[in-house]
Each structure stands twice: as C-alpha cells, then as structure tokens.
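Trainee: Just passing along the structure, written as structure tokens.
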Amino acid sequence: MDLQTLIYLFVGLSFALYIGIAIWAKAASTKDFYVAGGGVHPIANGMATAADWMSAASFISLAGLISYKGSDGGAYLMGWTGGYVLLALLLAPYLRKFGKFTVPDFIGDRYYSNLARTVAVIATIFVSFTYVAGQMRGVGIVFSRFLQVDVNTGVIIGMVIVFIYAVLGGMKGITYTQVAQYTVMIIAYLIPAIFLSLMVTDSFLPQLGIFAKTTFAFSDGVKEIPAGTYLMHALDTSLTDLGFKEYTQPGNLWNMFMLTVALMVGTAGLPHVIVRFFTVPRVKDARASAGWALLFIAILYTTVASVAAFSRVNTIDRIQNVNYKTWTTEGVKKADGRENHGAWFQTWEKGSLLAWNDRNGDGKIQYAAGKAFDDKKGKPHFDGTKTAPDGHRLTTNAIAAKGTKPFDNEVYIDRDIIVLANPEIANLPNWVIALIAAGGLAAALSTAAGLLLVISASISHDLLGKVIFNDPKTGKSKLSEKSELMAARLAAVAAIVVAGYLGINPPGFVAQVVAFAFGLAAASFFPAIILGIFDKRMNKAGAVSGILTGLIFTFGYIVYFVFMGGDKADYLFGIAPTGIGTLGMVLHFIVAYVVSRMTEPPPQHIQDLVESIRIPRGAGEAHDH
Amino acid sequence: MTQEKAQAYWRENISTILKLLVVWFLVSYGAGILFINQLNAIEISGVKLGFWFAQQGSIYVFVILIYVYVKMMNRIDEKYDVHE
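Heads up: the protein sequence lines correspond to chains A and B, in order.
Taking numbering that gives the first Met the number 0, the leading residue of the first sequence gets 0, the next gets one more, and so forth.
Taking numbering that gives the first Met the number 0, the leading residue of the second sequence gets 0, the next gets one more, and so forth.
Structural data, given as structure tokens:
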C-alpha cells in the first residue's frame, strides 16, 4: 500500500475507535460529566492522565527541543516528570478526600471566598486556553503535512472529533478515549524509536541506546567518525567540529534550576492534571494513580534523550555534503552501501519548515553552527513558491558567503519537525510514518479534550453554579442537575469554537505563552492548594493576597520581558521569563504567610475541613455541591 | 479518632513526605543541576553521569519514589486505622 493510503487508514481507524468509545461511555449526570462518575480504576486513570498530560508538545516538539539544546534540555525532562512526585505526595490524596469537582471548588471552599473562587476560575480558563491553542495548531500541522489538507481544514476536522467525544461523553468519555489514545501514542512513539535505536546503535531498547556505540561510520564534514564510537562521543565530537558547543556541556545552571522548578511546580498546579485525581474511588487510589500516570509518562520520556541524540547524529550523517539535486531526486549511496534518499527534505521545504541556502554555490548542503539565513532570527523568507533549477525553494534572503569556521551553515531546520520527520530521514517503512501521524493526532486531541473539559467545568460548575446562580440562603446552586449538565455541554461547545479560532488564527506568540501557563500555575494554584492543606491557620486574606501577588508579579514580568521588549540585562537576579514562576511562587508563599498571621484565623468549620482532608477514611464518592 | 492519634498520624505522614522529597531534590536538582559538572567527570559507556541524571536517571527515581510512597502510606494508614 502506498504511504497516503496507509496514513488515511491508520488515522481513520484511530478516529473510529475514539468515537466508538465516546458513544459507549456517554455521560448521564454532572458527576459523569465532571469526574467520570468517580469510579475509574487507578491504572486506567493513570493512562488517561498520561495521555492528557503528554500533549503535541511532548510528542512532536520535545525530542527536537532536547536535540537542539543538548544538556540544558534536561530541565524539560525533569520538570515535566518531577511534578508528579509533588502531585502524589502533596496534592492528589488530599484533594481526593476533599472530594469536589474542580480546582476553583477547593480554592473557593477552603478560603470561604467567592472572590478567591472567581480568581481561580479566571486563571484556570486563561491557563487552559493558552494550552489548547497550541494543541489545535499541532493538529493542524499533522493534518497539513500527512493528510495533505489545508491547516485550517485540519483544525476544523480536529474540532469536530473533539466535539463529538468531549461534549457527548464529558469526563467519562474523555477518560476512556484517552486510554485508547495513550496506547496509540506510545506505540507510535516507541516503534520508530526502536527502529532508530537499532539503526544508529545496536541496542534494541531505545532507553539504553545512549550508552551504545554507533553502527556506522559517518563524516561530520570535518572528519570521519568511525563506526563503534560511543554515541555520545560521536555527538560531542561532531558538534564541536561544526562549531556548536558540546552536546553534554551544561549552560547556565541557575536558569536551568529556576526553569526546572517552574515546570515541576507548574505541572503540579495545572488544573487539567489535578482534576484527574478526583475521578478515582478512594484516597489510596489517588496516590497509586499518580504513580501509574508517571510510569506511563516515563515510558515515553525516558526514550526522549535517546531519540534526541539519535536524530542529531542521523541528521548530520544524512545531509552533510550531499548534492541537493541528486539526493532529492534519485538518492545517493553512502560509502558503506547504505541508501540515502532526500525526498523528505523537499516535502518539508514545501511546508516552510526546512530551507537550504547554498551560500558557497557548490550545489551541496553544508550543516554547521550559525544562521543559514541572514535575518534577525535566522529564518528563511520564501519567495512565493518559486524554486531553483535544482528544485530547492528560493528565498529573498541574501545568499552571500560569510566565511565562518569550519564552513558556513546552509540549512534551516525547524526544531518541531524532528520527531515527525525522523522515520522519513531514516528511510523507515511507510507504516511507521503512518503510525507517527496517528500518534501525533492522539497526543494533541487527548490533551485538547482534557483542557476543554476543565474550561467548561469551571464555567458551568464554578462560575454559573457557585457564583452567578448561587442561592445565598442555602449556599447551593439554583440550577437543576439537568440544566447544569446542559450548561456544561454548551460551555464545552463554546470552548471548542474559541480553541479552533485560536488554532486557525494563532496569536504570534503561541510558544511564549506556554511559559505563561506554567509560570502562572506555579505562582497561583500550587502554593494556594499546598497552604490550604498543610497550614491550618491559612485564611482568606492570606490566600487572596498570596494568589494576587503571585499572579500579578509573574504576569507582569513575562509581559514586560517577552512582549514589551524588556532588556535581558534587566532580568531580576538574571532569571529568564520562562523560570520566573518560581520566584512568583516564593513571593506567594511569603505574602500569604505574613498576611494570614496578621489577620483572624479561619472559622472553626474550615479548620475542621482541613482536619478531615488529612485523614483518608471516608472519602466515599466525589459529592455534588 | 482522638486528637492525639490524628496528630501522630499527621506527623508520621509529614516525616514520610519530607524524607522522600529529600531524595527527589537530590537526584534532580542535586545530581542533574547543582553538581552536574562534578558528576560529569564520571563516564559510563560514553554517557556522563550528571547528564544522565538530568536526561533519564532522575525520571526512573521519580517513578520509584511514588511507589515507595504509596507502599509506606498504605502501611501508615493501616497502623492508625484510617484506611478505607
């Protein structure tokens, strides 16, 4: 079967599976809709949490990012896994015992304040939308590259699929779909990783591949690296030859530290992750579920370091000094007889994610450190769809040679394509490429659905049920169960439409807003929840002032340095905006502590509530209102 | 449940969490960041140790930590008769 048919088949089958599950797991009550009825098995919940957590960013972009950053990329690997230790030890069991539906529920009840609840709702919606926009964009890229439909059509197809199973099934539908999506995603990630591992090294397990030796000799353009060199040595040597810093050489450790804290704490504070622990039956299941989730995440995350290293070696081996025209049309043979065909290079050029600038005019591709294109950001500006006689896409950038050592870099590679292009770069069979397409979509859709649910629950349950239509006499919502469920579904529809709009018209700063999501979660939700559980004396005044301090400080810092062109030299203690959530969190803790000690302790029934969430027995089922 | 028993349970809970968080901090922030250069002097099959902790090793330890935590807490819950 040809590649295109295989891709349609794999993607089509996976979509049919998701919709089938959604019909089977239709939500009948608000409890089904918000927390899947509260009876999900910890292993299933762990798998669903893993799928929810691992987004298009983890699946598509992470390995490329690490491959480009080398040693410093460890911040992302540790940050996005270590947060689960915090979740398991400090949050999940107590929030499960508390037994409501959402994060604003906890903040509002624990701090007996609708102001705190409303701030939590706004922060939840903001954090979740920034995230979901990125997912819809990921869906669009996969569709446009693999199914050869327009990015916008891709986003709309993605919206329809999510609409069907998120609106119909609520959390129940999402949870069981995510179990399927995790399975698709992990197979799609591991199979190419195993292939690559066997090809570049002789190790079957990709996790062990970084300890192995290379199976082939390759020239980095400066010298020949013989077969049987340790992979990491081959990488360090070839990168220094090409003018990069050593792959394993750490950079700024202070910023790596701050970024790791912000990502870990942000992970533990993200509402769509926390809400997963409301769906299991007992407190001990919440603890175990965090463990299962991390195990399932670790299966993918422990291969990332290897995939990143393999792909860097592989890229140098395949593109260095090949004649563009011969390589992309008929392919070339390596000295040791390996096939090397560059058709993939042209495919990605069409998508504007790769570009070649023949600075020295020798018709061959040279890859080294430095910008390939003369532009502030080193990006190519394509000249419409015009191509040169040899077939490469023309740009309007200057072509002049720069005379850098060892030679000028001529290739622009968008880091996001590494995982998607890997199987093609390595000449893997067509079905592996089709699998990657299905996996990327599973990663993006599962995360998008989880986020949309959190958005709809905070609107229908927290904002409408607890603030706007709340009966002050009874403290209960004036909405009936049925109308709240309808409101939740309508809110989900609205959220999907907004997310789709953001996917089609992405604000120019999708990448930067991710720093927002983590920084804000780290500076607002995490400290407020921790203090609510571990500090019985924490009161309304302390919490509200802490949350506002954390939010405003982090928000202001990121806006100033990312969007208003603040100068790097002015960074507070040299902290980059991506890691500033850490300082926001510290400020939150300090302000909340000081203010709470200067004001009245919380009322007795709140202190009793804190006592009760500390004891596992009696969690029962997640209760309504 | 008596007041003292609840307090004793909570103290034991906190001390368990703190012990595990010390390990959590040492493998990630310690081995993977603060002492990465020192550990990088040690190399196993071409992989520098500090680099390995930052990119792979700490993740294994995180998984083990949560499992140890679940086991320890289940035992403490039963000891104080607060299990479900």
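Yeah, the Cβ is synthetic: ideal placement off N, Cα and C, and Gly gets one too.
If you're wondering where the values come from, they're calculated on a predicted model, not measured in any experiment.
#1: What first and last residue would you give for the beta strand (DSSP E) that runs through residue 381(A)?
#2: Please state whether the Cβ-Cβ distance between residue 345(A) and residue 325(A) is less than 7 Å.
#3: From 301(A), 228(A) and 116(A), pick the residue whose C-alpha is nearest to that of residue 56(B); which is it?
#4: If I follow the unbroken alpha helix (DSSP H) through residue 412(A), where does it start and stop?
#5: Who are the neighbours of residue 83(B) on chain A, taking C-beta pairs under 7 Å?
#6: How about residue 247(A): is its C-beta nearer than 7 Å to some C-beta of chain B?
#7: Taking 6 Å as the cut-off, is the beta-carbon of residue 176(A) closer than that to any non-hydrogen atom of the ligand COA?
#8: Any Cβ of chain B within less than 7 Å of the Cβ of residue 70(A)?
#9: Cβ closer than 7 Å: which chain B residues qualify as neighbours of residue 84(A)?
#10: For the alpha helix (DSSP H) that contains residue 15(A), what are its first and last residues?
#11: Is it buried or exposed for residue 206(A), if we count other Cβ within 10 angstroms and need 16 for buried?
#12: Let's test the definition: count the other Cβ atoms within 10 Å of the Cβ of residue 418(A) and tell me whether it reaches 16, buried, or not, exposed.
#13: Kindly list the residues whose CB is nearer than 7 Å to the CB of residue 612(A), restricted to its own chain and excluding five residues on each side of it in sequence; keep chain order.
#14: Within 10 angstroms of the Cβ of residue 388(A), are there 16 or more other Cβ atoms? Answer buried if so, exposed if not.
#15: Can you find a CB in chain A that lies within less than 7 Å of the CB of residue 4(B)?
#16: Below 8 Å on the Cβ atoms is my contact criterion, and I expect residue 457(A) with residue 120(A) to pass it. Report the Cβ-Cβ distance as a whole number of Å.
#17: Would you mind sorting residue 603(A) into buried or exposed? The rule is 16 or more other CB atoms within 10 Å of its CB.
#18: Of all the residues that make up the stretch 186-216 of chain A, which are near chain B by a beta-carbon distance shorter than 8 Å?
#19: Closer than 9 Å, Cβ to Cβ, to anything on chain B: give me those residues from the stretch 129-148 of chain A, in chain order.
#20: What distance in whole Å lies between the Cβ atoms of residue 109(A) and residue 608(A), which are believed to be in contact at a cut-off of 8 Å?
#21: For residue 254(A), name the three-state secondary structure that DSSP assigns.
#22: Between which two residues does the beta strand (DSSP E) carrying residue 35(A) extend?
#23: When you compare only the Cα positions, how much space is there between residue 479(A) and residue 466(A)?
#24: Name the DSSP bridge partner or partners of residue 217(A)?
#25: Please list the terminal residues of the continuous beta strand (DSSP E) segment that includes residue 337(A).
#26: For residue 275(A), return the contacting residues in chain B, with the cut-off set at a CB-CB distance below 7 Å.
#27: List, in chain order, every chain B residue whose beta-carbon is nearer than 9 Å to that of residue 286(A).
#28: Which class does residue 196(A) belong to by DSSP, given the choice of helix, strand or coil?
#29: I need the straight-line Cα distance from residue 91(A) to residue 65(B), nearest angstrom please.
#30: Using a beta-carbon distance below 7 Å, is residue 53(B) in contact with chain A?
#31: Please classify residue 623(A): does DSSP put it in a helix, a strand, or coil?
#32: Which residue comes first and which comes last in the beta strand (DSSP E) that contains residue 354(A)?
#33: According to DSSP, is residue 245(A) part of a helix, a strand, or is it coil?
#34: Throw me the rounded Cβ distance for the residue 309(A) and residue 184(A) pair, which I believe falls under 8 Å.
#35: For the stretch 490-577 of chain A, which segments carrying the beta strand (DSSP E) assignment without a break, of at least 3 residues, lie completely within its bounds, in sequence order?
#36: For residue 217(A), collect the residues of the same chain with a Cβ closer than 6 Å to its Cβ; drop the 5 residues on either side in sequence, then sort them by chain order.
Mentor: Reading from the atomic positions:
#1: 381-386
#2: no
#3: 301(A)
#4: Residue 412(A) -> not in any alpha helix (DSSP H); beta strand (DSSP E) instead, spanning 410-412.
#5: 281, 282, 283, 615, 616 and 618
#6: yes
#7: Looking for the ligand COA in the displayed structure turns up nothing, as the structure carries no ligands at all.
#8: yes
#9: 23, 61, 64 and 65
#10: 2-23
#11: buried
#12: buried
#13: 93, 96, 97 and 532
#14: exposed
#15: no
#16: 5 Å
#17: exposed
#18: 206, 209, 210, 211 and 212
#19: none
#20: 7 Å
#21: helix
#22: No beta strand (DSSP E) holds residue 35(A); DSSP gives it neither H nor E.
#23: 15 Å
#24: 224(A)
#25: Neither: residue 337(A) is in no beta strand (DSSP E) and is coded neither H nor E.
#26: Within chain B, no residue comes near residue 275(A); the closest Cβ sits about 14 Å away, beyond 7 Å.
#27: 65, 68, 69, 72 and 73
#28: helix
#29: 12 Å
#30: yes
#31: With a pLDDT of 44 at residue 623(A), under the threshold of 50, the modelled position of this residue cannot be trusted, and the question is left open.
#32: 353-355
#33: coil
#34: The pair is not a contact, with the Cβ atoms about 19 Å apart (cut-off 8 Å).
#35: none
#36: 224 and 316
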